[in-house]
Every structure is written in C-alpha cells, then in structure tokens.
Amino acid sequence: MSADSFCKGTLPNSLNQASITLLPKKDKNLLECGSYRPISLLNTDYKILAKVLACRLETVLPSLVSNDQSGFVKDRRSFFSIRRLFNILYTPSVTESECLLSMDAEKAFDRIEWKYLFETLNKFGVGSSFLSWVKLLYTCPSATELTNNTYSEPFSLHRGTRQGCPLSPLLFVLAIEPLAITIRKNNYICGISRWGTEHKLALYADDLLLFISKAKDTIPHVLELLGKFGTISGYKINLQKSELLPLNISDSAMKEITLPFKITRTSFVYLGITVTQKPCDLFKENFGKLQVTIQQDLAKWSPLYLSLVGRVNVVKMSVLPRFLYLFQSIPVYIPNSYFKKLDSIISAFIWNGKKPRLRKEHLQKAKQHGGFSLPNLRQY
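For what it's worth, full-length UniProt numbering labels the leading residue of the sequence shown as 1, then goes sequentially.
Next up, the structure:
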C-alpha cells in the first residue's frame, strides 16, 4: 500500500484524513475559538509509515541539531536545559545589563509553512528519497471535526506539522534549527558569558529561552530577527505570554528599553519549573507548591471507592511522576521534614483517613517480597 502510494504521489483519503475533537482550556471563555485545544486522531497505517520515517531520522538528528536543543532528540532531556539555566543564572556575573527572555510561540507546530519545511530538510541533506516520503505525508492532507458526535465536512490543511504524527516533533526540531543557527551567528545579539563560553539560547522544541547581555542594544535585534524568521517559516511569537527576567539591570536602565512583553522581577515558569532569581526560593516555589497541589489532588481521589492496590496505583501515576521531574531538574537540598509531611499526606490517602493497618515500610516492599511497591520518595 505504501509503495503504491509512493508511486502515485499521494495517500488514499482514508489514510490522510485526521479526526479532530476540541477540548476546552481551563478557565477560558468558551465562547472564543482560542479557548479550545484541538486533539487529532490519525489513521493507524499512516502512523506506522510515519514512525518508520521517524526511526530513520532520529538516528541522524543529534548530528544535525545543536546541543542547545534538548527536545525530541535522542539521549537529550528537558532537564538538560533547566540545569544549564540554573548554572548560568546562579553564577556571579561580571557583565552588566543581563537578562533572561522566555519566548512563547503561538501555535508553533500548526504554523510551519510546508515550503519552508521541505527546503530546510533539503538543506540539511536528508536525501531526495526520504524527502519524497515526507512530502507524500503532506500531499493533500485533510481533517474533519467531531462535535456532538457529528463529523463536519472534510477540509484541507495547508501548513503545520500533523498532530499525533510520530514524525512531526522531529520535523519541527529541524524546522526551528535555522533560527537557532542564525541567533548564534548574529554578532549583534550578545549572549551571557560564563566560564569563557557565550550562551545565547536554549530550546525545548518550540520553547525558546534567550540569554541576553547588553539588553538595550540586543533586544531590538532579537525582535527583528524573529520577525524575519516568522515571515519565512510561519513561526510567530506570542508577546503577551513572553517574559523577561532582569538579572542585574537597574529600574532606571529598564525604563530606557522599549519592551513589548511582560517584565517579571522575581520568577518565571520554564518547562514546568518555577525559576527564581534567588536560589534560596527554588524549594519553596516548586516543592512547596507541589506538596499543596498533591494534597488537593488526592483529596479529589479520596471519595472514590478504590481498593488498597488502586490507591497505591494512584500514588504511582499521579504523585510520583511529578516529583521525579522536580528531583531530576532542581538541585536543592530537601529536608527530612518535607518527606515526613509527604508520607503523612500519602498515608492519609492510602487508608482513607483511618488508622493504618500496615506499616509504611511493608507497603513499600516489592510485590515479590509481600509488599505493594508503594513509592519511597526518599530513594528518588
């Protein structure tokens, strides 16, 4: 089927058509179109073909994409960028007028122009045969929207990477790499120097973080470059959601800089981590707030009629992953009193507010040793 489609230059409509359903965003006006998040479902045969191409591309992607990009590249993790940010932020500076600029892209994956994407792939040397297979996936794609169990008439798609496609994240990483290359080579964009190395940017897919010095001169060049790149690629910055954190810029100096985005003096959120200007605030702003959130979430699960095994599984699925992300991302000391409080919250949930019938240590034993494999957060 795939070989026949390749010869014809197009996939069957049934393979190339996505089904879209809309999910409302939290605390948004449901009368506005932008208040909904589209979720696409693609044909399984389409995804198998895309996965084959993705497996081939991911082997060469690390050699094509700089280490500044930590998203969707083999053996790279999001916390690479976070740890690098902390190292730069909390190292004493000898340069004045430094700041961090967190740029939010507006519907980044949906805005990439196909002509630009194909030309970028060609410049990276992916090969004519591979490029033809990618073009096959993007020849006459369509989608239909599901509302109240009723499908709309199919409509054509003309830009953007396909949502739900295994190949899409890798294509986007390559599509945004020319922007990263241009920023690194632009002498008018001054980065932050640490340990004899100039750092200009960090990327996680479309999340762009810029390390800037000489802010008054550099920021206009950044905005000009982003505008030119957007004209070619379709990439667009959402200035209302972008944030700037001054590191050693006085209030009087900030007034001299024309900024179209929000200025934050204390912290901003990067890849789910609250980044604070002072390292002593990291624990409170991340682990402290997560403890409150976990307690509230478990309170919602508590009224449900769950078995002991079910409640242990809730802890594994809802509690553990969120703490694992903080553990690997934030290099802070966690006091024993914090773990004791977590143990108390988890125990109250496991036993539904009643007196425990088994010791915590027994619950934390592996199943083959008679336990329930309840996570012991201290060991992570």
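Don't be surprised by glycine CBs; every beta carbon is placed ideally from N, CA and C. Note that the coordinates shown come from a computational prediction; the quantities given were computed from them, not determined experimentally.
Rounded straight-line distance, which links the Cα of R357 to that of F86: So the alpha carbons of these two residues sit roughly 43 Å apart.
- Ranges of the alpha helix (DSSP H) found wholly within the region 59-93, counting only runs of at least 4: Correct list: 78-89.
ask   = Secondary structure at H158, three-state DSSP: helix, strand or coil?
value = Taken through DSSP and simplified to helix, strand or coil, H158 comes out as coil.
Just verifying my parser: in three-state terms, what is the DSSP assignment at S132? In this structure, S132 counts as helix in the three-state DSSP scheme.
ask   = Going by DSSP, what residues sit across from E243 in a beta bridge?
value = DSSP, once it has assigned bridges, lists S102 and K262 as partnering E243.
| query | So what does Q17 bridge to, in DSSP terms? | reply | When beta bridges are read from the DSSP output, Q17 appears opposite S142.
Endpoints, the beta strand (DSSP E) within which Y338 is located = No beta strand (DSSP E) holds Y338; the alpha helix (DSSP H) holding it covers N336 to I350.
Can you give the Cα-Cα distance for residue 434 and I88, rounded to whole angstroms? Any question about residue 434 goes unanswered here, given that the chain covers just 1 to 380.
Sheet register partners of F268 (DSSP bridge): Answer by DSSP bridge pairing, in chain order: V275.
Legend entry - Whether Q328 touches F124 by CB criterion (7 Å): Cβ atoms of Q328 and F124: not closer than 7 Å.
Q | E177 burial status per 10 Å Cβ neighbour count (16 or more: buried) | A | Result: buried.
Checklist entry - Is there contact here, the region 109-116 with the region 245-256, by at least three beta-carbon pairs under 8 Å? => result Counting Cβ pairs under 8 Å, fewer than three are found: no touch.
- If you run the structure through DSSP and keep just helix, strand and coil, what is F124? For F124, the secondary structure class from DSSP, reduced to helix, strand or coil, is coil.
- Message: Taking only three categories from DSSP, how would you classify T293?
- Response: Look at T293 here: in three-state DSSP terms it is helix.
Q.
Given a cut-off of 7 Å on the beta-carbon distance, is the pair C99 and L223 in contact?
A. Not closer than 7 Å, so no.
Leaving out five residues on either side along the sequence, give the residues of the same chain with a beta carbon under 7 Å from the beta carbon of G160. Contacts found: F109, D110, R111 and I112.
**Asked** Looking at C-beta atoms only, is the number of pairs between the region 335-344 and the region 361-373 that lie closer than 8 Å three or more?
**Response** By the criterion of at least three beta-carbon pairs nearer than 8 Å, the region 335-344 is not in contact with the region 361-373.
Problem set entry | Straight-line gap, N286 to R322 (C-alpha atoms, nearest Å) | Distance between the alpha carbons of N286 and R322 is about 11 Å.
Query raised in the report: Candidates S242, S156 and P220: which alpha carbon is nearest I257's?
Result: Nearest option by C-alpha distance: P220.
Checklist entry - How big is the Cα-Cα spacing for T139 and S19? => result One C-alpha to the other measures close to 17 Å.
Taking Cβ to Cβ, would you say S102 is nearer than 7 Å to F211? No; because the gap between Cβ atoms is not below 7 Å, this pair is not in contact.
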